[in-house]
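Visitor: This is the structure I want to talk about, given as structure tokens.
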Amino acid sequence: MTDEKSRSTGYHMGDVKTVISVDDVNAQAKQMAEPVELSKIAGLANNDPFVKVEDLKAGYGKMQILHDVNLQVAKGQSLCLIGPNGAGKSTILHSIFGFTNIFGGKIMIGDGPNKKDVTALSPNQKLKEAGIAYILQDKSVFPGMTVEENLWMGGYLMDNQNDAKEAAEKVFQKYDRLAKRRKHQAKVLSGGERRLLEISRALVMNPDVLLVDEPSIGLEPRFIDMVFDILDDLQNTEGKTIIMVEQNAKKGLEFADIGYVLVSGELAIAGKGDDLLENPEVGRLFLGG
Ligand SMILES: Nc1ncnc2c1ncn2[C@@H]1O[C@H](COP(=O)(O)OP(=O)(O)OP(=O)(O)O)[C@@H](O)[C@H]1O
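For the sequence shown, our numbering begins at 1 and goes up steadily by one.
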């Protein structure tokens with residue numbers, strides 16, 4: 001068996017690592033391909049896509065990673081992308097935010113018939129004009145700056161920096177835990193507090209859509225639940241729409257209304273998060289069981 005073929009998918013449930021090969025996952029998940037429109041996912045309360053990605057072809061430089069990706073999520077819903085390492089999950093978030101080269105397809109955002117085509121907007125425009133925020137994987141805080149200064153950075157696109165400070169105060173009012181540490185340098189925060197700061201910084205611009213890349217990565221188990229509780233509150237109390245990539249597939253699918261499985265840059269399976277958790281093939285391939 002070659003090194004490539006013997007690579008595990010990296011998916012885990014607790015401490016149980018899968019030992020299934022990437023090739024096996026790719027071949028089997030592709031056979032399970034299903035339609036991915038929201039209206040075809042039974043049991044969702046809202047079928048009007050607020051974020052709609054149509055036939056997206058995108059990549060880095062000249063290299064195409066995503067092949068005709070379609071995904072949809074309604075306002076106030078959450079969507080979790082799972083799939084093997086290198087499948088292109090983060091590349092979907094990068095593309096929605098404007099970090100990739102788009103070779104074809106469209107990214108639309110908005111309610112009902114008022115959807116706008118935001119495909120060509122820059123990341124700054126995505127944040128300022130389209131209300132989309134990207135929460136980076138681990139280690140994106142500025143360690144030598146205080147918590148407060150980090151939060152103000154979240155409003156760097158605002159025309160008036162006093163507005164950024166005012167918006168940061170609102171975020172402090174929501175997260176007392178962060179407010180208590182506002183004068184501390186970010187480098188002294190715990191892992192969980194740092195993740196809270198990363199999420200909070202994205203909230204300063206009051207976005208409608210949160211793109212969340214690996215919220216549990218690098219966190220001790222006791223902080224993982226805290227971070228998912230924060231995201232749950234943002235979705236269910238504040239109506240944020242969440243599109244997430246999560247390596248811990250079980251946690252991600254338990255959290256999300258909708259789950260998508262991405263394989264080799266193509267969407268292979270879509271369904272309610274709960275249904276994917278119950279799906280024996282998804283369980284075997286991605287949940288270690
Ligand atoms: N900035 C970049 N420039 C060039 N290639 C990239 C870049 N980022 C990712 N890639 C490549 O794109 C492919 C998909 O990567 P991506 O990070 O989207 O996968 P993923 O499904 O999120 O994987 P993982 O679970 O390992 O994070 C990989 O082959 C990766 O090497």
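Glycine is no exception: its CB is placed at the ideal position from the N, C-alpha and C atoms.
Touch check for the segment 130–137 and the segment 206–214: three-plus C-beta pairs under 8 Å?
Guide: Yes: at least three Cβ pairs fall under 8 Å.
Visitor: Any idea which residues DSSP pairs V51 with across the strands?
Guide: BP columns for V51 point to V73, I109.
Visitor: Considering only residues of the same chain and omitting the five flanking positions on each side of K110, which have a CB-CB separation below 8 Å?
Guide: Reading the sequence as shown, one finds Gly at residue 110 and not Lys. If we look at G110 and ignore the five residues flanking it on each side, its Cβ neighbours are F50, K116.
Visitor: Which of the three DSSP states, helix, strand or coil, is assigned to N114?
Guide: N114: helix per DSSP, three-state reduction.
Visitor: Between which residues of its own chain and D163 is the CB-CB distance below 8 Å, once the five residues before and five after are set aside?
Guide: Once the five neighbours on either side are set aside, the close Cβ partners of D163 are G155.
Visitor: Going by Cα to Cα distance, which pick from F172, H184, H94 is closest to F142?
Guide: Considering only alpha carbons, the answer is H184.
Visitor: Applying the 10 Å Cβ sphere with the 16-neighbour rule, what's the burial state of Y260?
Guide: Answer is buried; the Cβ neighbour count reaches 16.
Visitor: Quick one: Cα of Y175 to Cα of N160, how far?
Guide: Roughly 23 Å between the two C-alpha positions.
Visitor: Any residue with its Cβ nearer than 5 Å to a heavy atom of ligand 1 should be included. What is that list in chain order?
Guide: Result (chain order): Y60, I65, N85, G86, A87, G88, K89, S90, T91.
Visitor: Take the Cβ of G43 as the centre, count every other Cβ of all protein chains shown within 10 Å, and call the residue buried at 16 or more, exposed below.
Guide: Label assigned to G43: exposed.
Visitor: Can F255 and F228 be called in contact, C-beta distance under 7 Å?
Guide: Contact flag set, yes.
Visitor: Hey, could you find the ends of the alpha helix (DSSP H) T146 is sitting in?
Guide: From DSSP, T146 is part of no alpha helix (DSSP H); its letter is neither H nor E.
Visitor: Just to check my reading of the structure: K89 and V245 have Cβ atoms closer than 8 Å, yes? What is that Cβ distance to the nearest angstrom?
Guide: Their Cβ separation, rounded to whole angstroms, is 4 Å, which keeps K89 and V245 in contact under 8 Å.
Visitor: I need the straight-line Cα distance from D233 to K75, nearest angstrom please.
Guide: Rounded to the nearest angstrom, the two C-alpha atoms are 15 Å apart.
Visitor: Under 7 Å, do D208 and S78 count as touching if we go by C-beta distance?
Guide: No, they are not a contact pair.
Visitor: Okay, do the segment 96–108 and the segment 47–64 touch, 3+ Cβ pairs below 8 Å being the bar?
Guide: As far as the Cβ criterion goes, the segment 96–108 touches the segment 47–64, which means the pair count is three or higher.
Visitor: Whose C-alpha, out of I224, K250, A268, T91, is nearest the C-alpha of D274?
Guide: Measuring from the Cα of D274, the nearest candidate turns out to be K250.
Visitor: I think N101 touches G59, with their Cβ atoms under 8 Å apart; what is that distance to the nearest whole Å?
Guide: That belief holds up - the Cβ atoms of N101 and G59 are roughly 6 Å apart, short of 8 Å.
Visitor: For V171, which residues of its own chain have a beta-carbon under 7 Å away from its beta-carbon, when the five flanking residues on both sides are left out?
Guide: Once the five neighbours on either side are set aside, the close Cβ partners of V171 are L151, S200, L203, V204.
Visitor: Could you tell me the distance, in whole angstroms, from the CA atom of Q118 to the CA atom of F97?
Guide: Here residue 118 is Val; the residue named in the question, Gln, does not match the sequence. Each residue's alpha carbon lies about 9 Å from the other.
Visitor: Where does the unbroken alpha helix (DSSP H) through A164 begin, and where does it stop?
Guide: Residues 161–174.
Visitor: Output the boundary residues of the alpha helix (DSSP H) element that contains D233.
Guide: Here the alpha helix (DSSP H) through D233 covers 221–236.
Visitor: Return helix, strand or coil for E266, following the three-state DSSP convention.
Guide: Of the three classes helix, strand and coil, the one that applies to E266 here is strand, per DSSP.
Visitor: Assign E148 to buried or exposed, taking buried as 16 or more other Cβ atoms, counted over all protein chains shown, within 10 Å of its Cβ.
Guide: When all chains shown are included, E148 counts as buried.
Visitor: Below 8 Å on the Cβ atoms is my guess for F103 versus Q64; work out the distance and round it to an integer in Å.
Guide: With a Cβ gap of about 6 Å, F103 and Q64 count as contacting.
Visitor: For the alpha helix (DSSP H) containing A249, name the first residue and the last one.
Guide: That run of the alpha helix (DSSP H) goes 249–255.
Visitor: Which residue comes first and which comes last in the alpha helix (DSSP H) that contains L211?
Guide: Looking at the DSSP string, L211 is not in any alpha helix (DSSP H); the run it does join, the beta strand (DSSP E), is 209–213.
Visitor: Kindly list the residues whose CB is nearer than 7 Å to the CB of L66, restricted to its own chain and excluding five residues on each side of it in sequence; keep chain order.
Guide: Here the set comprises L56, K57, A58, G59, G88, T91, I92, S95, G265.
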